[in-house]
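Below is one structure, written out as structure tokens; the observations come after it.
In the UniProt record's numbering, the protein residues as written are 1 to 722.
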């Protein structure tokens, strides 16, 4: 199996990612995603590998040198990694928030108020205890042959130390900010002058100067190292943000960047004549989907600026002459991904309360998020494509159906060359024009019919196109959102995904009394189930999606049904449940389904199920680590059981190259494919390598010809080529 796509959002921690330049034209971003580290190649526009060695959320990642990384997580583990191998690791007492590498030392800041000095073998050399005055930020630099350390935290002060003889020696403290600090960064102006930028929750960025002096200056902080006296004073205050400043980064001695919760990155330059610092440019979002900036970094050659937001999206700008040009954004779910459907495109949903569509950008041979059909107020548990529509269910008891947005159809036609059937818009007389792109002709539709979120509701209402020249569009939307510039031919940015790609909702399907747990689709028939602790609540509802009415109620289980699967022909429907049983339903002559058989309970919950190509066999995977094979017509007992080393949480099967191929996924994140033989044996074909495997439970896998998609509790979605 070859990995061709990984998607996952960045953890919402302060300044957690790093950028490294390997070659003049190779820049990598390493960022924390759940309990793993993802490494993105800016030039290739794809995640090239992942590190999966942590158990808790990764808080902070830094490149050490080359492809060596240092990372720390929420249970106090710090590790040095190279080529997916753990060179060294150590467990400290509490969650490590941030660390700094200087020469052969690593200084860590923990949530318990400890500042620990380690060597590169991760041996503890010394530590300081700050108690309730937890230190949350650190930077370090070699200045005048001394290792100078700046610390700040909840006490609003900046504390200066030097690292000497493996010990941190206190020098001085300065106060200026009114609230706690979020970030510190040194800049060596010359051999005698040092600058320190500080970002704070008080909305200000302050620039401090440290320089040599011959004698103590009045009203200015000073400190002594050996026989040399130094001054530590405030140089200027930068006021331009209206929310807390989360990050600062020096481009050069006269240029500094600041990122804020007001959604913007400001570029400040110092005027050479007056010495004043002026705001010369703003990057980020002035309209659309506004999200707080949590971190900011620049590449070593200062060619790229990278920032990321609360929702995990990573924004990249490239310098071209005097301008900063936005590059394709890195997007992905920022919480557990619960379900997927892989047909014309890859459709996913998550407890981050969004559904997303990923498709291939043919021109660049990479996959990208091209639409975000649903941004909801409830966690989403199940989702499926049904023709051109989508049906989804979450913790709110109802199913919702959506029509595609013109933005999504246009994106698929431009990027994926699918020539999607657009009769749904032509029948509605949606204005369009015939365009020619890459020697293809197709309809490009006006964008006045995307869904928009209600101000006080969960529904995506449809905006109505009134007249081609009428700028007044019905719907509760922001004028600035309507002015978002749409350019096709490249993957959309995060603002367009959130504001232009929403799908208008067409129907709600009421019937369940509890949160939706599973959905299955065959043609115009949908089957759904909900969370249940009684047989009545565990009934499976069969829907006619043409009439949006309940067609049948199927009884079989006593507890929550966790997966539903129709056979390819639609003749059979199978269900697996927390009651440890498999249910098999068969279609009758009147097109209704009837219970054909029910298995005896297994020892543990059955998580997943699938058919073979001939539909005469059923495969199940369960918590007791067993792969079971049942006869479809008589499924009371399995005809064979195969033991595995881990809980089986997801299964899918496909007939490829005259072979029955089975994908089996596990609770620990491993994924393997097998050949299923006529003698009911499983012969291993391939297992996902350590650079691309999931780090947590895989919730769903699905084949699409020679491609296999997977989604996991580790926040990622992945596609593999068989």
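We put the beta carbon where it would ideally sit given N, CA and C, even for glycine.
Burial state of residue i (16 or more Cβ within 10 Å)
i	result
residue 434	exposed
residue 619	buried
residue 682	buried
residue 534	exposed
residue 706	exposed
residue 479	Model confidence at residue 479 stands at a pLDDT of 45, short of 50, so the residue's coordinates are unreliable; what they give is reported in the following sentence. Classification of residue 479: exposed, given that the 10 Å Cβ count is below 16.
residue 15	buried
residue 696	buried
residue 305	buried
residue 300	exposed
residue 634	exposed
residue 29	buried
residue 66	exposed
residue 614	exposed
residue 278	exposed
residue 284	buried
residue 547	exposed
residue 216	exposed
residue 467	Unreliable positioning characterises residue 467 in this predicted model, as indicated by a pLDDT of 45, which lies under 50. A coordinate reading is not provided.
Cβ neighbours of residue i in the same chain (closer than 6 Å, five flanking residues each side left out)
i	result
residue 89	79
residue 472	Its pLDDT being 38, under 50, residue 472 is placed unreliably by the model, and nothing is read from it.
residue 378	394, 395 and 396
residue 303	319
residue 70	62, 64 and 80
residue 601	580 and 581
residue 281	267
residue 522	566 and 570
residue 604	622, 623 and 624
residue 19	29, 297, 299 and 306
Contact under 7 Å by Cβ, residue i with residue j
i	j	result
residue 531	residue 560	yes
residue 563	residue 612	no
residue 652	residue 576	no
residue 74	residue 56	yes
residue 296	residue 257	yes
residue 754	residue 238	The structure shown does not extend to residue 754, since the chain spans only 1 to 722, so no value can be given for it.
residue 109	residue 117	no
residue 178	residue 202	yes
residue 234	residue 250	no
residue 138	residue 98	yes
residue 1	residue 688	yes
residue 96	residue 72	yes
residue 527	residue 573	yes
residue 326	residue 362	no
residue 329	residue 494	yes
residue 711	residue 340	yes
residue 146	residue 248	no
Chain-order list of residues whose beta-carbon lies under 8 Å from that of residue i (same chain, five-residue window excluded)
i	result
residue 113	129, 130, 131, 132, 133, 134 and 135
residue 469	Here the model assigns residue 469 a pLDDT of 43, short of 50, so the residue's position is not dependable and the matter cannot be decided.
residue 68	80, 81, 82 and 87
residue 121	88
residue 232	160, 172, 174, 208, 209, 210, 220, 221, 222 and 223
Contacting residues, own chain, Cβ-Cβ under 7 Å from residue i (five flanking each side not counted)
i	result
residue 254	269 and 270
residue 550	511, 541 and 543
residue 43	25, 26 and 27
residue 447	406, 407, 486 and 500
Count the C-beta pairs between the segment 28-40 and the segment 676-689 that are closer than 8 Å, then say yes if the count reaches three, no if not.
no
Could you tell me whether the segment 309-318 touches the segment 332-340, where touching means 3 or more Cβ pairs closer than 8 Å?
yes
So does the segment 378-386 actually touch the segment 17-29, counting three or more Cβ pairs closer than 8 Å?
no
Within the segment 581-612, note down every full beta strand (DSSP E) run reaching 3 residues or more, in order along the chain.
582-587, 593-598 and 606-611
Could you tell me whether the segment 260-268 touches the segment 220-227, where touching means 3 or more Cβ pairs closer than 8 Å?
no
Please specify which runs of the beta strand (DSSP E), each continuous and at least 3 residues long, are wholly inside the segment 618-651, giving them in chain order.
626-631 and 640-643
Unbroken stretches of the beta strand (DSSP E), 3 residues or longer, contained in the segment 12-97:
18-23, 26-33, 36-41, 46-51, 58-65, 68-73, 77-82 and 85-91
Run through the segment 107-166 for me and flag every whole beta strand (DSSP E) of 3 or more residues, listed as ranges in chain order.
114-119, 124-129, 135-143, 146-153 and 157-164
Would the segment 638-647 and the segment 663-671 be scored as touching if the rule is three or more Cβ pairs under 8 Å?
yes
Under 8 Å: do the segment 159-171 and the segment 36-55 share three or more Cβ pairs, one atom per stretch?
no
Those runs of the alpha helix (DSSP H) which lie wholly inside the segment 278-349 and span at least 4 residues
none
With a threshold of 8 Å, are at least 3 pairs of Cβ atoms found where one atom belongs to the segment 180-197 and the other to the segment 138-155?
yes
Start-end ranges of the beta strand (DSSP E) lying completely within the UniProt repeat "WD" (238-269), minimum 3 residues
245-252 and 255-260
Hey, is the segment 404-413 in contact with the segment 510-530, meaning 3+ C-beta pairs nearer than 8 Å?
no
Sequence ranges, beta strand (DSSP E) only - wholly within the UniProt repeat "WD" (174-218), length at least 3
181-190, 193-200 and 204-213
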